[in-house]
Structure formats: structure tokens, C-alpha cells
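Below you'll find the structure, written out as C-alpha cells, and then a few comments.
There are 2 protein chains.
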Amino acid sequence: MNRFTFQNPTKILFGKGRIADLGDQIPADAKVMILYGGGSAERTGVLGQVRDALAGRTVVEFGGIEPNPRFATALKAVDLVAEKGITFLLAVGGGSVIDATKFVAAAAKFDGDAWDILKSHGSVVTQAMPFGSVLTLPATASEMNSGSVITHAEKGAKLPFMSPYTYPVFSVLDPEVTYTLPKRQIANGVADAFVHVIEQYLTYPTGARVQDGFAETLLRTLIELGPEALEKPEDYDIRANLMWTATLALNGLIGAGVPQDWASHMIGHEITALNDTDHARTLAVVLPSLLNDQRGPKREKLLQYGKNVWNIDEGTDDERIDKTIAATRGFFEDLGIKTRLRDYNVDAAGINHIVTALEEHGMTALGEHRAITPNDARRILEAAL
Amino acid sequence: MNRFTFQNPTKILFGKGRIADLGDQIPADAKVMILYGGGSAERTGVLGQVRDALAGRTVVEFGGIEPNPRFATALKAVDLVAEKGITFLLAVGGGSVIDATKFVAAAAKFDGDAWDILKSHGSVVTQAMPFGSVLTLPATASEMNSGSVITHAEKGAKLPFMSPYTYPVFSVLDPEVTYTLPKRQIANGVADAFVHVIEQYLTYPTGARVQDGFAETLLRTLIELGPEALEKPEDYDIRANLMWTATLALNGLIGAGVPQDWASHMIGHEITALNDTDHARTLAVVLPSLLNDQRGPKREKLLQYGKNVWNIDEGTDDERIDKTIAATRGFFEDLGIKTRLRDYNVDAAGINHIVTALEEHGMTALGEHRAITPNDARRILEAAL
Chain A
34 MNRFTFQNPT
44 KILFGKGRIA
54 DLGDQIPADA
64 KVMILYGGGS
74 AERTGVLGQV
84 RDALAGRTVV
94 EFGGIEPNPR
104 FATALKAVDL
114 VAEKGITFLL
124 AVGGGSVIDA
134 TKFVAAAAKF
144 DGDAWDILKS
154 HGSVVTQAMP
164 FGSVLTLPAT
174 ASEMNSGSVI
184 THAEKGAKLP
194 FMSPYTYPVF
204 SVLDPEVTYT
214 LPKRQIANGV
224 ADAFVHVIEQ
234 YLTYPTGARV
244 QDGFAETLLR
254 TLIELGPEAL
264 EKPEDYDIRA
274 NLMWTATLAL
284 NGLIGAGVPQ
294 DWASHMIGHE
304 ITALNDTDHA
314 RTLAVVLPSL
324 LNDQRGPKRE
334 KLLQYGKNVW
344 NIDEGTDDER
354 IDKTIAATRG
364 FFEDLGIKTR
374 LRDYNVDAAG
384 INHIVTALEE
394 HGMTALGEHR
404 AITPNDARRI
414 LEAAL
Chain B
34 MNRFTFQNPT
44 KILFGKGRIA
54 DLGDQIPADA
64 KVMILYGGGS
74 AERTGVLGQV
84 RDALAGRTVV
94 EFGGIEPNPR
104 FATALKAVDL
114 VAEKGITFLL
124 AVGGGSVIDA
134 TKFVAAAAKF
144 DGDAWDILKS
154 HGSVVTQAMP
164 FGSVLTLPAT
174 ASEMNSGSVI
184 THAEKGAKLP
194 FMSPYTYPVF
204 SVLDPEVTYT
214 LPKRQIANGV
224 ADAFVHVIEQ
234 YLTYPTGARV
244 QDGFAETLLR
254 TLIELGPEAL
264 EKPEDYDIRA
274 NLMWTATLAL
284 NGLIGAGVPQ
294 DWASHMIGHE
304 ITALNDTDHA
314 RTLAVVLPSL
324 LNDQRGPKRE
334 KLLQYGKNVW
344 NIDEGTDDER
354 IDKTIAATRG
364 FFEDLGIKTR
374 LRDYNVDAAG
384 INHIVTALEE
394 HGMTALGEHR
404 AITPNDARRI
414 LEAAL
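Chains as they are written, first to last, in this note's numbering: chain A, 34 to 418; chain B, 34 to 418.
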């Protein structure tokens, strides 16, 4: 087990009806800005529940945050924070809204060019506004971590940042608010959470038994839950398990003390920056190809993953790895997520663009060994066509 | 899954040599009191490492905290805090020292009779001094939770309290400091952590798949680690896994959203109050007898535990449960921990004393159904003679 520092101060309010408990979590004299995305928060009644919980407070609303949230949109919110004297932010939405809120929280307290926050991956952040979240989509775990990914449309860049100052103060997880989500978003959320676990698990062994066991539990649970959640959208227990599993997939716990990969994410981000493909779908394309390409460095963990998650323990090592990668690809496909670049209209020219973008964004030494170069990424992408 | 609120703000500094990082975690102008137990912290060099890390600071030392820490001892520390103007407490030791430090932290800020903190199980606590810990014994998880158990020798009482104000600010977990621990303490720690998991897992099913899977991971890991840790005291990976497993066994995570039992603990505390038997040993006595007695209400989870933790899935339900309880008892015995009351010189008169004490301390409705009465406890204890 590697040395680590772990701290996660976010308070989780989990269960039916917990949005009503919001008021107790925000200072009575706060000027609150509610940030949300498109019309679904209004249509599903979640915004209404939030307004009820904050009745009598000073509240400003800021809607229109995009999937793959935009730098320019977040900056408008920063301006409104200053103009209205906002002191507390409340994200109502999925990972995109929470990610944008984190960026607003940091940028509103940042002297200088807010782009530097992204360029530095967050290292220049020394303070942030307090914020909470009401989660509507189980997927990214942004509700219980300090990370955020922001897209700069003009620069064609999708860049992550994190900071110890950008943990939500609290997050409300009410599984009932997920009942009305489109199947596509549930499938994406399951795939996203799955790959989050893989990025922290499928590297090389360091004898971290609990982290491995927890990761395998999350993976097996997602494999069970994915089809169930698609089939029975109003089953509380299924949605509750999915929501908590997705949160635990990336709240720092299973990644503490172990190597981490994240190459699939970094390559995937450039696909989204290219043509706005859903984040989770880019992961489902890159991951199987990357695992196949990296079967040498990842051999021991691939065999462990196959055995403990997929019950694959017969045949030669390479046969078992082949079956394991096929099972992983099949899992995505069974969720309705295509796993080839051609399914998303990316061709050889697109690959050129992606590889160039990786170079431009300094993503030149990816993976748990910092050994995956843009040339390796090209090979991985070409095998994923 | 039940509704829950989860928050755990403690920062964990894990790994070799992390005691040197202490200085950064304590305010520069703090007046620090180091609390510790007997001579082992000095002998093993841990206190020396702590003193080095705090060189140049204002530091007062308070030694002599007992196993099963005493109310009277903690009050002496409270007096010294006031006398010296201490602003930060640092526990250096195992669960007993950390528990005592939590009580000092709360009592030093409490107006009124400090006994009320225990009588109210902590509900009267509204503030506490900040404190950190340097853990020397993997067992109780006190280093990453808000609970504490204090013994009042004159009253013959051993009572728990908890409060949102008594989480450590930070805890340093360096596996190397455990190399010199006596085998008896390692065995006790493994058993204590094991029963912590059981108390949060072996109740009745609520469909909490991740909590169950995490609990089973911790149990399987402890079953592997126990004998290994006794056999190879200086194996870093084994001790690192043991330390992190014991912390995760009771940091709130696996208990969030599920019923909890704790009857074995409450009954066991009265055995320790009677004759100072090691805490973990009282659990190893009570638990197998309690599981056997409660095989009706716990049937489904006993079968699940047998199957997923001990690979017991053949025979009738009762045969499987018999085997599962025998395996659990055998695990304790293999660690060198006896599992009968007679092994600790408790006879029928002792049982009378324990049952009376449970009544006096209001422990009259124990277990996940609040259905275990002192009479039930008597039957469980008689079967454990």
C-alpha cells in the first residue's frame, strides 16, 4: 500500500425527502445562488422542492449550465455572484452543474485570470466560496469530491481541476429524484461510475487488499445494478444503491494508497471536446481498447479483475484477459452504449485532432506509469475505430 | 437502504514516517498537550518522533492513561488543560488514549458535571477542543470516528459517548509503529475490528448492497490478516492493511444506511467493568453466544455471512448457521482468544452482576430490534459460561 493523505469533509444527506432538510445546512443569513442546467430540474419538481426548502431566504437563480459545462457560462455566474453579493452556492443537477459550481466557487475568490485555475489544474486555488449540491443524476461523484471538468469551447479544451477548497459542504442524495431520468443518462451514469472505479483499480498490484476489495464490490454492484436500473426506473432500492455506489466510486476512498490511471478519461475528454460525445460514451470506447493495448503492464490486475469481478479464471492468461475485456465491452453494449469510434463519427482525421489536442494540453505521459504517450494514444484510438 | 446522514471530516496521514508531518497539522501558535498511556510510547520511540515533530512548540505531556481509560484520570487532564492554557490535544496511543482525549476535549469545554457527558451519551456536548492522534494500535477506529468509551471505576460503569464535535482533526497512521506490539494486543485489535464490522452488518437485510459488500471485504481481509499479522510482525504490507482495515471497520461508512446491533459491545462492556477483561476478549465471548441465541431474527444475514465470508453454503439453514458460528468462534480461538466466560473467571454470580449493571445503565433494549432485554442477556451469558 502506498502512503496517502485522505480527507473528505462533505456531509451526505441521503434518502427520500431529504431536500426538505436543506435549510438547516445553509447559514440563515446567506445570500444563495441556485445553479442548474436545462429545463429538467424545473419539470421534475426538484427545483420546486429546493425553493420550498429555502422559502424566505434571499435566493438568486442561474440556469442554463450545459452538459460538459462551459467556461464562458461559468464566468457569467461569477459576475452575477459579485453583482448580487452572493455568499453561498447551491448546485441542483448532475455532475456538469456541480462541476460548474465548483469552478464558480473558486473563480469568484480568485484574483487574476480564471483560466489559470484550469491551466494549473487547480493548484493556484487558495480559497473558494462555500457550496452545497442537490444531486439529480448518479454518475460522476462530483457531489462528494473536489474535482471538476470545464470545457472551453473556443479553445476546444476540456480540462480538469481539483482543490482541497472545492469539496461541497453538503450534498443531498434523494434516489426518488432519479426516477424520471432518461435511460440514456442512467446508462451513461453507470458506465461513468464503472470507469471511475477501473481507473483507480486496474493498474498494478500494491497489496492494498481493502481498496481492491472495495473496488471489486463497486464493480460487481454496478454490473448488477445497470440492467436493473434501466428496467425498473421507480424501484427505490435499486436507485438508492446506484446513487450511493456512484458516489463511492470517486470520493477518494478507493483511490487512497493505490496507483491511479485516468488515461481513458484524459483521452476521452478530447473526444468530447472534438464533437461533444457524452463523456461516459467516450470512456466506453477508449477503455476496452486501452486495456487490450496495455495488457502487459496491467496483466496481474487484469487477471485479478477477471477472476474477482467476472468469475473468469480458466484458460491461459491471454485467453482470460481476452474474455475479461470482452465482458467489459459487452457490459457497456448491453447498457446501450456503443464502444467504437465509428459509432460516434470519429475517423482517422478525428484521431489526428485528438492526438494533437492531447499534446497541446500537456497530456503526454498518461497512465499509472506515466508512460502512455500521444503516440500510444493514437495506437489505442486506431484500434478503437 | 435506510436514510442516513454521513460526514467524517478526519484527515488521515497514512504511511511510513508520517509522524514527521505532524507539525503542519497543528496551528503554529497552539499550546499542545500530548496525552499517552504507559511506558510503551516512550520505549518504542513514538513519543520521541512526536517530540521531534513538535520541536520548538509549547508542549505539555500527560501520561498514564489506562487501558479502559478512567473518568478520574481524564478529569486530571482537564484540570491541567485549564491550568496551562492548552489549546490543542494530541493523543499518542491506541483506542484508550484517543477515547480519553475525546473526553478531555469535550469536558474541557463543558460547563457543569462532566459525568453528564457520559450519562447523556454525548448529547449535551455542544463544543470541544481540537485534537489529533498518532495511532499506535490498530483496533478501535477511534482515530477516525467520534465515539469514546470511558470507565468510572467507583461507579463500576463503562459508558460510551459520541458527538459530532469529537472527530479528530487528523490522525497519523504509520504501520511501522505497530511492529513492536505484543501479540496479545494485535490479536485483540483484529478481534475488536472484526466485531465492529459484525455489529453493523449482521442484523437483517435492507438491500444495502455496497455496505454489505464493503463489510464482507473487511471481514474476509481480517480473517486473512489476523494470523499473518501474528506470524510476521515486521511485514509492512500486512501491518498497513491491518491498520487501514481496522480504521474503516468503524469510521461510519459501512454503518451508514443500515441497521446496527451493538448488543455484544454493551454486554461486553459490563464484563470489563466487572473484572477488567480486555475489551476484545469480552466480544469474543459474547458474540458467538449471541449469534446462536439470535439465529431467528438474524437468520438471513447469518446465511449471507456464512456464504460470502466463510464459503459455507451447504446443508440446512440451521446446519449452515451452526457451521458459521463455529467458524467465527474458531477464528477468535485461533488468534489465541478464549471464547468462554469461565476462561475469564466469570461465574453465575458474575452473570448476576453483569445483568444488574445492564439494568442500572439503561441497557434494557439492545440489538438492531431494541428487543434484547437483560433477561435475554442473562440467557446469552449463561450459554457462554
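Just so you know, even glycine gets a beta-carbon here, dropped at the ideal spot from N, CA and C.
- Please state whether DSSP places A/Ala-86 in a helix, a strand or coil. For this step, residue 86 of chain A is matched to residue 53 along the first sequence. Of the three classes helix, strand and coil, the one that applies to A/Ala-86 here is helix, per DSSP.
- Message: Going by C-alpha to C-alpha distance, which of A/Pro-163, A/Thr-173, A/Asp-207, A/Tyr-198 sits closest to A/Met-66?
- Response: Taking the first sequence and counting its residues from 1, the one referred to as residue 66 of chain A is at position 33. Selected option, being the one with the closest Cα: A/Pro-163.
- In three-state DSSP terms, what is B/Leu-151? Position 118 of the second sequence, counted from the start, is the residue given in the question as residue 151 of chain B. It is helical.
- Task: With 9 Å as the C-beta to C-beta threshold (strictly closer), list the residues of the segment 229 to 255 of chain A near chain B in chain order.
- Result: Thr-239, Gly-240, Ala-241, Arg-242, Val-243, Gln-244, Asp-245, Gly-246, Phe-247, Glu-249, Thr-250, Leu-251, Arg-253, Thr-254
- Query: Within the chosen definition, does the segment 80 to 88 of chain B reach the segment 106 to 116 of chain B through at least 3 CB pairs nearer than 8 Å?
  - Reply: no
- Message: Please return the same chain residues whose Cβ sits closer than 8 Å to the Cβ of A/Asp-367, not counting the five positions on each side in sequence.
- Response: If you number the first sequence from 1, residue 367 of chain A lands on position 334. Counting only Cβ-Cβ distances below 8 Å, and skipping sequence neighbours, we find Gly-259, Pro-260.
- Query: Exposed or buried, what is A/Asn-308 when buried is set at 16 or more other beta-carbons lying within 10 Å of its beta-carbon?
  - Reply: For the purposes of this step, residue 308 of chain A is taken as residue 275 along the first sequence, with counting starting at 1. Exposed: under 16 other Cβ atoms inside 10 Å.
- Taking 8 Å as the CB-CB cut-off, is A/Lys-49 touching chain B? Start at 1 with the first residue of the first sequence, and residue 49 of chain A comes out as number 16. Closer than 8 Å to some Cβ of chain B, the Cβ of A/Lys-49 qualifies, so yes.
- Query: What are the uninterrupted segments assigned as alpha helix (DSSP H) that are 4 or more residues long and contained completely in the segment 60 to 130 of chain B, given in chain order?
  - Reply: 73 to 76, 79 to 86, 104 to 117
- DSSP on B/Gln-5, reduced to helix/strand/coil? Chain B is shown from 34 up to 418; residue 5 of chain B falls before or after that span and cannot be answered.
- Message: Once DSSP output is grouped into helix, strand and coil, what is the label at B/His-185?
- Response: As a first step, residue 185 of chain B must be located in the second sequence, where it is residue number 152. B/His-185: strand per DSSP, three-state reduction.
- Query: Of the choices B/Glu-393, B/Ala-417, B/Gly-128, whose alpha-carbon is the least far from that of B/Leu-374?
  - Reply: Residue numbering aside, residue 374 of chain B sits at position 341 when the second sequence is read from its first letter. That would be B/Ala-417, whose Cα lies nearest to the Cα of B/Leu-374.
- In angstroms, rounded to a whole number, what distance separates the CA positions of B/Trp-295 and B/Ala-61? Sequence index remark: in the second sequence, residue 295 of chain B carries index 262 (1-based). Sequence index remark: in the second sequence, residue 61 of chain B carries index 28 (1-based). Cα to Cα, the separation comes out at about 40 Å.
- Query: Just checking my contact of A/Phe-194 with A/His-154 at CB under 8 Å: how many whole Å lie between their CB atoms?
  - Reply: Translated into the one-based positions of the first sequence, residue 194 of chain A becomes position 161. Translated into the one-based positions of the first sequence, residue 154 of chain A becomes position 121. 5 Å between Cβ atoms; contact.
- When the Cα of B/Phe-247 is compared with those of A/Ile-287, A/Val-157, A/Asp-225, A/Phe-95, which residue comes out closest? Taking the first residue of the second sequence as 1, we reach residue 247 of chain B at position 214. Taking only the C-alpha atoms, the option nearest B/Phe-247 is A/Ile-287.
- Message: Under 8 Å, with one C-beta from each stretch per pair, do the segment 170 to 182 of chain B and the segment 124 to 139 of chain B reach the 3-pair mark?
- Response: yes
- Query: DSSP state of A/Val-379, grouped into three classes?
  - Reply: By 1-based counting over the first sequence, the position of residue 379 of chain A is 346. Coil.
- Item | Test: B/Gly-290 CB closer than 8 Å to a CB of chain A | If you number the second sequence from 1, residue 290 of chain B lands on position 257. Chain A, which has a Cβ nearer than 8 Å to the Cβ of B/Gly-290, makes this yes.
- Give the straight-line distance between the Cα atoms of B/Gly-348 and B/Gln-337, rounded to the nearest whole angstrom. Position 315 of the second sequence, counting from 1, holds the residue named residue 348 of chain B. Position 304 of the second sequence, counting from 1, holds the residue named residue 337 of chain B. When rounded, the distance between both Cα atoms is 14 Å.
- Please compile the residues from chain B whose C-beta is within a distance smaller than 7 Å of the C-beta of A/Ala-273. Here residue 273 of chain A refers to the residue found at position 240 when the first sequence is read from its first residue. Per Cβ cutoff of 7 Å: Met-34.
- Message: Any beta carbon of chain A sitting closer than 8 Å to that of B/Ile-45?
- Response: Residue numbering aside, residue 45 of chain B sits at position 12 when the second sequence is read from its first letter. So yes, B/Ile-45 belongs to the interface.
- Please decide whether A/Phe-39 counts as near chain B, where near means a Cβ-Cβ distance under 8 Å. The residue labelled residue 39 of chain A in the question sits at position 6 within the first sequence. It does; some Cβ of chain B falls within 8 Å.
- Closer than 7 Å at the beta carbon, the chain B residues around A/Leu-281: Residue numbering aside, residue 281 of chain A sits at position 248 when the first sequence is read from its first letter. Residues of chain B passing the Cβ test: Val-243.
- Task: Using a Cβ-Cβ cut-off of less than 7 Å, list which residues of the segment 154 to 188 of chain A approach chain B; keep chain order.
- Result: none
- Message: So with CB distances below 7 Å, who are the chain B contacts of A/Asp-270?
- Response: By one-based count along the first sequence, residue 270 of chain A stands at place 237. In chain order: Met-34, Gly-240.
- Message: Do A/Ala-224 and A/Ile-370 count as a contact pair if the criterion is CB distance below 8 Å?
- Response: Taking the first residue of the first sequence as 1, we reach residue 370 of chain A at position 337. Taking the first residue of the first sequence as 1, we reach residue 224 of chain A at position 191. Yes, the Cβ-Cβ distance between A/Ile-370 and A/Ala-224 is below 8 Å.
- Message: Using a 10 Å radius around the Cβ and a threshold of 16 neighbouring Cβ atoms, would you call A/Ser-179 buried or exposed?
- Response: In the first sequence, the residue the question calls residue 179 of chain A occupies position 146. Classification of A/Ser-179: buried, given that the 10 Å Cβ count is 16 or more.
- Message: Between B/Trp-295 and chain A, is any beta-carbon pair separated by less than 8 Å?
- Response: Counted from its first residue, the second sequence places residue 295 of chain B at position 262. Cβ-Cβ to chain A under 8 Å: no for B/Trp-295.
- Below-8 Å beta-carbon distance, A/Trp-277 vs any chain B residue: Mapped onto the first sequence, residue 277 of chain A falls at position 244. Yes - at least one Cβ of chain B is within 8 Å of the one on A/Trp-277.
- Message: Let's test the definition: count the other Cβ atoms within 10 Å of the Cβ of A/Lys-135 and tell me whether it reaches 16, buried, or not, exposed.
- Response: Taking the first residue of the first sequence as 1, we reach residue 135 of chain A at position 102. Flag for A/Lys-135 reads buried.
- Message: Beta carbons nearer than 7 Å to chain A: which residues of the segment 189 to 214 of chain B have them?
- Response: none
- Task: Answer with buried or exposed for A/Gly-329, where buried requires no fewer than 16 other C-beta atoms within 10 angstroms of its C-beta.
- Result: The residue you call residue 329 of chain A lines up with position 296 of the first sequence. Flag for A/Gly-329 reads exposed.
- Leaving out the 5 sequence neighbours to the left and right, which residues in its chain are closer than 6 Å to B/Phe-47 when beta-carbon positions are compared? Numbered from 1 along the second sequence, position 14 holds the residue referred to as residue 47 of chain B. Excluding residues within five positions, the ones whose Cβ falls inside 6 Å are Leu-206.
- Query: Counting along the chain, where does the alpha helix (DSSP H) carrying A/Ile-52 start and finish?
  - Reply: Taking the first sequence and counting its residues from 1, the one referred to as residue 52 of chain A is at position 19. Neither: A/Ile-52 is in no alpha helix (DSSP H) and is coded neither H nor E.
- Query: What residues in its chain sit with their C-beta under 7 Å from that of A/Ala-138, if we drop five residues either side in the sequence?
  - Reply: Locating residue 138 of chain A in the first sequence gives position 105, where the first residue counts as 1. The residues are Leu-122, Ala-161, Met-162, Phe-164, Thr-199.
- With a 10 Å radius around its C-beta and 16 neighbouring C-beta atoms as the bar for buried, classify A/Pro-31 as buried or exposed. In the structure as shown, chain A begins at 34 and stops at 418. Residue 31 of chain A is therefore absent and cannot be evaluated.
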